[in-house]
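Participant: This is the structure I want to talk about, given as structure tokens.
Protein chains: 2
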Amino acid sequence: MTALPESEVDVLIIGAGPAGLMLALWLARLGVKTRIVDKRTSKVYSGQADGFQVRSLEILDSFGITERVWKEANHMLEVSFWNPDEGGTIRRSARAANTIPGLSRFTESVLHQGRIEQFFLDAIRASYASDSDALHVERMVIPTSLEIDEAKAEDPDAHPVTVTLRHLTEEEATPTQMLSNLSDGIFRSNLADDDVGDILERSEGREARDEVARAKYVVGCDGAHSWTRKTLGKDFEMKGETTDAIWGVMDIVPITDFPNDPRAADIRSRTVIHSTSGALMIIPRENRLVRLYIQLKEVSAGGGRVDRSQITPDFIFKSAQKIFGPYKLEYHYCDWWTAYQIGQRTGDHFSKLDRVFLAGDAVHTHSPKAGQGMNVSMQDSYNLGWKIGLACKGVLPRHVLSTYELERKKIAKDLIAFDGKFSKLFTGRPAKDIQSETGVSDDEFQKAFHTSRMFTTGVGVNYQPTVLVAREPEETDDDDDDDYGLEKSAAKSTPSLATNCEVGRRFPSFKVVRQADGRLWELHQKLPSDGRFRLVVFGGDISQGSQRDSVNALGAWLSSYLPGLPTITLSPGSDPHGGSVKFKTERDPSVVDVLLVHSAPRDEVEVLRDVHEAYHPFDSKLGWDYDKVFVDGETYYEEPQMAYEKYGVDRARGAVVGLRPDGYVGLVTSLDHGGQDEVQKWFDGIFQRT
Amino acid sequence: MTALPESEVDVLIIGAGPAGLMLALWLARLGVKTRIVDKRTSKVYSGQADGFQVRSLEILDSFGITERVWKEANHMLEVSFWNPDEGGTIRRSARAANTIPGLSRFTESVLHQGRIEQFFLDAIRASYASDSDALHVERMVIPTSLEIDEAKAEDPDAHPVTVTLRHLTEEEATPTQMLSNLSDGIFRSNLADDDVGDILERSEGREARDEVARAKYVVGCDGAHSWTRKTLGKDFEMKGETTDAIWGVMDIVPITDFPNDPRAADIRSRTVIHSTSGALMIIPRENRLVRLYIQLKEVSAGGGRVDRSQITPDFIFKSAQKIFGPYKLEYHYCDWWTAYQIGQRTGDHFSKLDRVFLAGDAVHTHSPKAGQGMNVSMQDSYNLGWKIGLACKGVLPRHVLSTYELERKKIAKDLIAFDGKFSKLFTGRPAKDIQSETGVSDDEFQKAFHTSRMFTTGVGVNYQPTVLVAREPEETDDDDDDDYGLEKSAAKSTPSLATNCEVGRRFPSFKVVRQADGRLWELHQKLPSDGRFRLVVFGGDISQGSQRDSVNALGAWLSSYLPGLPTITLSPGSDPHGGSVKFKTERDPSVVDVLLVHSAPRDEVEVLRDVHEAYHPFDSKLGWDYDKVFVDGETYYEEPQMAYEKYGVDRARGAVVGLRPDGYVGLVTSLDHGGQDEVQKWFDGIFQRT
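These protein sequence lines are chains D and G, in that order. Everything in the first sequence is counted per the working numbering, starting at 1 for the first residue and increasing by one. Everything in the second sequence is counted per the working numbering, starting at 1001 for the first residue and increasing by one.
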């Protein structure tokens, strides 16, 4: 056998679903040399995941993608609950807002997975100056071996992970189930067998099409049957429960008279039906589609394997019709269908030596009804992407990579615990357990629903104290014994200065006015995912001399401190809300971006006269930058936004909020000299090692 | 000589600038067989027109394009005025909102012409099921002869216009100025010579590449030097004034300390400077660009031709620097520049036999400073597109085509009158004529400015009484003697029923709640440009029995009346805010679309139970349509919108508003039987000829 071709790459991503594509997008934006391979012949075209939670929409917006989701998706604004009345006939017992009002500028939305995969692919391409330079998904490629040179694991310049990749023919890459003419509804479900073994067997003896990739980092985003996870060995096995409950899923254009009851059309609301024939959830979709999650009472895993041949669209639909009775339900178009077995599983380890990582379904699986899978998966790799990317670029030390497992394993555990409870609410519970018999929600249910909404939005995420997050452990943190012994930040936050910018949580978005031209912006739009940390300087009332002096003293200090930090190269797509980077700045910007949001009357402030250059940097080719100073004030066109009140910042004295590149709050401190010290301690703990 | 190849087409568009592309998009959406040819080798890539007025943005949004403009453009929200102080030094004397607050959900925005041309091309392609079917611009094609068979002009099935088209080589199509190495800044300016003669001369003897197109309609969108206009003869000559004033234009990234005065950055506001060295206007652009319009006092047409060799970027910029003093102005990047001579001209005729039409610069030219040219041009062909398209499809009788000239000639006349006044405000007027010496705007100026803003937004357009517009002539209509003797509608509007839906003007957009799912929509988003007329039924409080009975009686009448009207085929892109048409309806919809907007409490209305099927049509494949009933009421997420009050409709009794396919109000009437009669008279006058 001749030697295989070899090549080096910074990051190799295995799997091009939403988790893998999110990671690829991050690395494309950061200009990191990356490959992404996938065993399938093409992206998904229908069905699969469909729920976009508000935190995901905020994240996607930081890459400029959300506007496409937001336009095509159905916005799912209301939730209805139907239960049997005393005679056993279903009737609506409650209706509520589906997303907590005021939590975000977005609400839960529904669009099939194929579209977001397309949007990711487009955004990745737009991150490069030309199409020929761009990162492309290498399809029909499967890894066959993975080894880590442990001796080199801590060498930041090494490529210690060796992966053999096999290039498949189209026939080899086609799922066995499709080749054998089985219906395709189940082939990506957890009822389907893993087909990697089949693929490898069929491609045996074709080593001539193998190659070897040496990578700094490998990330397995390869789904519930993850080859990467299995290859890492027994320590990485997933643990958890599998129940006997089987549910069917159908995406149809329904023809129905549901409801004939007063009020709006529940076929176009998120609706939970508990009937005497089982449970069902309605998810109204784009394109007049409706997804139905249907309890299949007449099949059961029964402790063993399910007879998959029994599960047909016709069988699933008949179950739905029974639950819908006395209302009629028919359909002409079915876009997609599947079935799955309820269970919750996660692994103990999300990384090996911080060189090989697992993300998404590869490391946590659960039932799909809460619309969590794709969201938590994308948020996994959103958490990981900037850390790996900045480590590859030498901006971050390797030890920061350990925060990935710390931060995301807790989320995965919370997720499967939540899903266990949530699934039980659907399967087998009598209606009166979650609804009072009068049809009015009782306090306990309202509380449980509200709690679950906070969790499912993704906004509830609260990362633990590390060098990245300068906060005290909370008494409610239940994993205190599980902090990995990671180093903490030497900086100390003063949470009372910005009561709605909690350290460890995502920085919220409210509207502020650009000083230079009076345009109202969501502040998130000025915090794109470009790899930069940020200081949001709430300058307070800088029309007052002493307050202005504090802000400018901080600016003067930043002007001397920041040039000692690394710089970062911005890619073409890095400022999706600010226009393309048509004209080149004279030098790369600092890895720390600075924004000023003041509360003085807009017409009492003149940027060039009153505000330190740190807040409006000068470039010899582009002139002054007018996109860094904002005001919480009046405009000609909209009501005052009262952003200071919404952020919980005092209008007179202000605050400084430090953000990680993923938009999570890492530090809250004051504008004075003490605050400067905390900022320095925070950044020194992240960027510089003693 | 052998016979040339011949082919038939419904519409031939000459010129693929914004006017031609708007027309092509309309015809693509309507499924009309169309060709569009352009003499140039490619679309525009920088500079040229850059202003988007709010009515244009509303129109582009009806095709789903505005979101791309809105994202990339600079939103120009404020206007500042600078004048000399007593010592002759310029200082800011006033600042105001640039767009009238509350007029539209959009504000004036600035983006270069090349982008909107790209967006048009993308939207045209998206109107077809496949790329190979799609309408493409045929570039490097020039017409060489045009004849109308007048005997067949009124035959709706005839193709009476014969045009010979010549396919050019790239060399032939390249402008002479470029070939001769002259700077390209002026080649599309009104200082440049027409190059059609040159092109024809250079391509002489190449008749082998000629072909003959027989068209039902030909539209000349071929700019200020319009070949189409010249070919139509002496009657079509443009008339008007040409002044001696020359202005320069530069798109630069400025490096400047302007202003050093308190308040915001006027280099990022629309700013008018009158200094002792001349006048200048700042237009802040996308991508850190700024456009400067600069009076060139030292050159003059002087009654004859300008010496073009004198006008260089350096010369123009030195003039700008003088006006800017004492502030400094430099630049490193220049994206584009040009110069032009101020003048205002328009023609007496916009069409010949309603078979050959002129639109845009081909029939009105003026100075660019008010950002009107591209907007009025696009609005010309927006007015024409649905009329030609529906005539080709046999939906409208040919006589409706005469309304194009009636409606748009008045706009062109208003435009050149406005531009004459507006240009004089800039050139040579002492500052105190438009500003009081204290720097506070006087009443007269405020009034003039307000009036001009209403005109420049495009929202002020008010079409005359015809079969399309059931209104009385206004006493202020100054063209009463010039109504072409066109037939009027037999229907009579009752304007008091909807005081902010003026007959003849564009229907405004306010937010309403979709009954089925509680989602808030701009009502305009439910009025896409798909070729349909619309009845917006403001149903009033339909929780009251008598009111509900009126609404449902109207619905019952519509259910019997509408099937007698033509149907219309919707193209893939026809509902840009409603998702793609993935699933096929069983039959084409009526040319009249019906929407219900009621004011009853949302939870007291159940669509299937309470509302006639006319407002939620049933389709045997798709079920009930839940996208037709809206309510002016509360949601979980936003404050009540009070749409009835904004539309000027009584919350109890409601009104019926009839809209043309371009969104202009054609009828306002009542919900009762009298209203039905008016609706019938209005439609009978449009669709059926006795």
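Ideal Cβ positions, reconstructed from N, Cα and C, are used throughout, including at glycine.
Measuring CB atoms only, is the region 3-12 of chain D touching the region 349-368 of chain D, in the sense that at least three cross pairs come out at less than 8 angstroms?
Facilitator: Flag = no, the region 3-12 of chain D and the region 349-368 of chain D do not touch.
Participant: Since F357 (chain D) is in the beta strand (DSSP E), which residue starts that stretch and which ends it?
Facilitator: For this step, residue 357 (chain D) is matched to residue 357 along the first sequence. Taken as a continuous stretch (DSSP letters only), the beta strand (DSSP E) holding F357 (chain D) covers 356-358.
Participant: At which residue ranges does the region 1594-1648 of chain G contain complete beta strand (DSSP E) runs of 3 or more residues, listed in the order of the chain?
Facilitator: 1629-1631
Participant: Have a look at T34 (chain D) and L27 (chain D) and give me their C-alpha separation to the nearest angstrom.
Facilitator: Here residue 34 (chain D) is taken as the residue at index 34 of the first sequence, counted from 1. Here residue 27 (chain D) is taken as the residue at index 27 of the first sequence, counted from 1. Each residue's Cα considered, the two are about 7 angstroms apart.
Participant: Excluding sequence positions up to five away, which residues of its chain have a Cβ less than 7 angstroms from the Cβ of P1576 (chain G)?
Facilitator: Mapped onto the second sequence, residue 1576 (chain G) falls at position 576. Cβ contact annotation for P1576 (chain G) (same chain, cutoff 7 angstroms, sequence separation greater than five): F1063, G1064, P1528, in chain order.
Participant: I need the straight-line Cα distance from S42 (chain D) to R139 (chain D), nearest angstrom please.
Facilitator: Within the first sequence, numbered from 1, the residue matching residue 42 (chain D) stands at position 42. Within the first sequence, numbered from 1, the residue matching residue 139 (chain D) stands at position 139. Between S42 (chain D) and R139 (chain D), the C-alpha separation is close to 7 angstroms.
Participant: Classify E241 (chain D) as helix, strand or coil using the three-state DSSP reduction.
Facilitator: What you label residue 241 (chain D) is simply residue 241 of the first sequence in a count that begins at 1. If DSSP states are grouped into helix, strand and coil, E241 (chain D) belongs with the strands.
Participant: Going by other Cβ atoms of all chains shown within 10 Å of its Cβ, with 16 needed for buried, is P101 (chain D) buried or exposed?
Facilitator: Counting from one through the first sequence, the residue named residue 101 (chain D) turns up at place 101. Its Cβ having fewer than 16 others within 10 Å, P101 (chain D) is exposed.
Participant: Would you tell me roughly how many angstroms separate the C-alpha atoms of E1067 (chain G) and R68 (chain D), rounded to the nearest one?
Facilitator: In the second sequence, residue 1067 (chain G) corresponds to position 67, counting from 1. In the first sequence, residue 68 (chain D) corresponds to position 68, counting from 1. For E1067 (chain G) and R68 (chain D), the distance between alpha carbons rounds to 10 angstroms.
Participant: Do L135 (chain D) and I142 (chain D) have their C-beta atoms closer together than 8 angstroms?
Facilitator: As a working note, residue 135 (chain D) is residue 135 in the first sequence. As a working note, residue 142 (chain D) is residue 142 in the first sequence. It is not a contact, given that the beta carbons lie outside the stated cut-off.
Participant: May I ask you to list, following chain order, the residues of the region 1376-1409 of chain G that have a beta carbon less than 7 angstroms from some beta carbon of chain D?
Facilitator: none
Participant: Can you say whether K1432 (chain G) is buried or exposed, counting buried as having 16 or more other CB atoms within 10 angstroms of its CB?
Facilitator: In the second sequence, counting from the first residue as 1, residue 1432 (chain G) sits at position 432. Because the pLDDT of K1432 (chain G) is 48, which lies under 50, any placement of that residue in the model is unreliable, and the question is left without a value.
Participant: If we cut at 8 angstroms on Cβ distances, does T107 (chain D) have a partner in chain G?
Facilitator: The residue you call residue 107 (chain D) lines up with position 107 of the first sequence. It does; some Cβ of chain G falls within 8 angstroms.
Participant: Give me the Cα-Cα distance between D662 (chain D) and H1075 (chain G), rounded to the nearest whole angstrom.
Facilitator: Mapped onto the first sequence, residue 662 (chain D) falls at position 662. Mapped onto the second sequence, residue 1075 (chain G) falls at position 75. Taking the CA atoms as reference points, D662 (chain D) sits about 28 angstroms from H1075 (chain G).
Participant: Check each residue of the region 306-337 of chain D: if its Cβ is closer than 7 angstroms to any Cβ of chain G, include it; give the result in chain order.
Facilitator: H332, Y333
Participant: Identify each residue in the region 231-257 of chain D for which the Cβ-Cβ distance to at least one residue of chain G is less than 7 angstroms, and report them in chain order.
Facilitator: Going along the region 231-257 of chain D in chain order, one finds V253, P254, I255, T256, D257 with a Cβ nearer than 7 angstroms to chain G.
Participant: Excluding five sequence neighbours on each side, which residues of the same chain lie with their C-beta closer than 8 angstroms to the C-beta of V1356 (chain G)?
Facilitator: Translated into the one-based positions of the second sequence, residue 1356 (chain G) becomes position 356. Taken in chain order, the residues that qualify are L1146, I1148, V1161, Y1217, V1218, V1219, G1220, T1228, L1232.
Participant: What residues from the region 598-612 of chain D come within 9 angstroms of chain G, judged by C-beta to C-beta, listed N to C?
Facilitator: Close to chain G, meaning a Cβ-Cβ distance shorter than 9 angstroms, are the following residues of the region 598-612 of chain D: R602, D603, E604, V605, E606, V607, L608, R609, D610.
Participant: Please check the pair E343 (chain D) and E241 (chain D), which I expect to be a contact at CB under 8 angstroms, by giving their CB distance rounded to whole angstroms.
Facilitator: Taking the first residue of the first sequence as position 1, residue 343 (chain D) is located at position 343. Taking the first residue of the first sequence as position 1, residue 241 (chain D) is located at position 241. As written in the sequence, residue 343 (chain D) is Gly, which differs from the Glu given in the question. Right, the Cβ-Cβ distance comes to about 6 angstroms (below 8 angstroms), so this counts as a contact.
Participant: Quick check: is the beta carbon of H112 (chain D) nearer than 8 angstroms to any beta carbon in chain G?
Facilitator: Working through the first sequence from its first residue, we reach residue 112 (chain D) at position 112. No, its Cβ sits nowhere closer than 8 angstroms to a Cβ of chain G.
Participant: What residue does the beta strand (DSSP E) around L1558 (chain G) start on, and which one ends it?
Facilitator: Walking along the second sequence from the start, residue 1558 (chain G) turns up at place 558. Looking at the DSSP string, L1558 (chain G) is not in any beta strand (DSSP E); the run it does join, the alpha helix (DSSP H), is 1545-1561.
Participant: Mind listing the chain G neighbours of H75 (chain D)? Cutoff is C-beta to C-beta under 7 angstroms, in chain order.
Facilitator: Working through the first sequence from its first residue, we reach residue 75 (chain D) at position 75. Within chain G, the residues near H75 (chain D) are R1519.
Participant: Does the distance between the C-beta of I1013 (chain G) and the nearest non-hydrogen atom of the ligand SAH fall short of 7 angstroms?
Facilitator: The model depicted lacks the ligand SAH and carries no ligand whatsoever.
Participant: Determine whether the beta carbon atoms of V253 (chain D) and R288 (chain D) lie at a separation below 8 angstroms.
Facilitator: By 1-based counting over the first sequence, the position of residue 253 (chain D) is 253. By 1-based counting over the first sequence, the position of residue 288 (chain D) is 288. Yes, Cβ-Cβ distance for V253 (chain D) and R288 (chain D) is below 8 angstroms.
Participant: How far does the alpha helix (DSSP H) with E678 (chain D) in it extend, from its first residue to its last?
Facilitator: Locating residue 678 (chain D) in the first sequence gives position 678, counting from the first residue. From DSSP, the alpha helix (DSSP H) with E678 (chain D) extends over 673-687.
Participant: In three-state DSSP terms, what is R1651 (chain G)?
Facilitator: For the purposes of this step, residue 1651 (chain G) is taken as residue 651 along the second sequence, with counting starting at 1. Coil.
Participant: Is the separation between the beta-carbon of F106 (chain D) and that of L21 (chain D) shorter than 8 angstroms?
Facilitator: Against the first sequence, residue 106 (chain D) aligns to sequence position 106. Against the first sequence, residue 21 (chain D) aligns to sequence position 21. Going by C-beta atoms, F106 (chain D) is not nearer than 8 angstroms to L21 (chain D).
Participant: Any idea what DSSP makes of S1367 (chain G), helix, strand or coil?
Facilitator: Reading the second sequence from its first residue, position 367 is the one you call residue 1367 (chain G). Coil.
Participant: How big is the Cα-Cα spacing for W1070 (chain G) and V537 (chain D)?
Facilitator: Indexing the second sequence from 1 puts residue 1070 (chain G) at position 70. Indexing the first sequence from 1 puts residue 537 (chain D) at position 537. W1070 (chain G) and V537 (chain D): Cα-Cα distance of roughly 28 angstroms.
Participant: Can you round the beta-carbon distance between F1507 (chain G) and L1659 (chain G) to whole angstroms, since I take them to be within the 8 angstroms contact cut?
Facilitator: Translated into the one-based positions of the second sequence, residue 1507 (chain G) becomes position 507. Translated into the one-based positions of the second sequence, residue 1659 (chain G) becomes position 659. Going by Cβ atoms, the distance from F1507 (chain G) to L1659 (chain G) rounds to 5 angstroms, so yes, they are a contact pair.
Participant: So F1630 (chain G) packs on L1595 (chain G), CB below 8 angstroms; how close in whole Å?
Facilitator: Position 630 of the second sequence, counted from the start, is the residue given in the question as residue 1630 (chain G). Position 595 of the second sequence, counted from the start, is the residue given in the question as residue 1595 (chain G). Contact flag correct, Cβ pair sits at about 7 angstroms.
Participant: Are F1533 (chain G) and V1605 (chain G) close, meaning C-beta to C-beta below 8 angstroms?
Facilitator: As a first step, residue 1533 (chain G) is located in the second sequence; it is residue number 533 there, counting from the start. As a first step, residue 1605 (chain G) is located in the second sequence; it is residue number 605 there, counting from the start. Not closer than 8 angstroms, so no.
Participant: For Y637 (chain D) and chain G, any beta-carbon pair shorter than 8 angstroms?
Facilitator: Taking the first sequence and counting its residues from 1, one reaches residue 637 (chain D) at position 637. Yes, contact with chain G.
Participant: Is it true that the CB of I323 (chain D) sits closer than 8 angstroms to the CB of S275 (chain D)?
Facilitator: Translated into positions along the first sequence, residue 275 (chain D) becomes position 275. Translated into positions along the first sequence, residue 323 (chain D) becomes position 323. In contact: S275 (chain D) and I323 (chain D) (Cβ atoms closer than 8 angstroms).
Participant: Unbroken beta strand (DSSP E) runs of length 3 or more, entirely within the region 36-93 of chain D: which are they?
Facilitator: 78-84
Participant: Kindly list the residues whose CB is nearer than 8 angstroms to the CB of S381 (chain D), restricted to its own chain and excluding five residues on each side of it in sequence; keep chain order.
Facilitator: Against the first sequence, residue 381 (chain D) aligns to sequence position 381. Non-local C-beta neighbours of S381 (chain D) in its own chain, meaning closer than 8 angstroms and more than five positions away in sequence, comprise A19, G20, M22, L23, W26, V219, C221, A359, G360, ordered along the chain.
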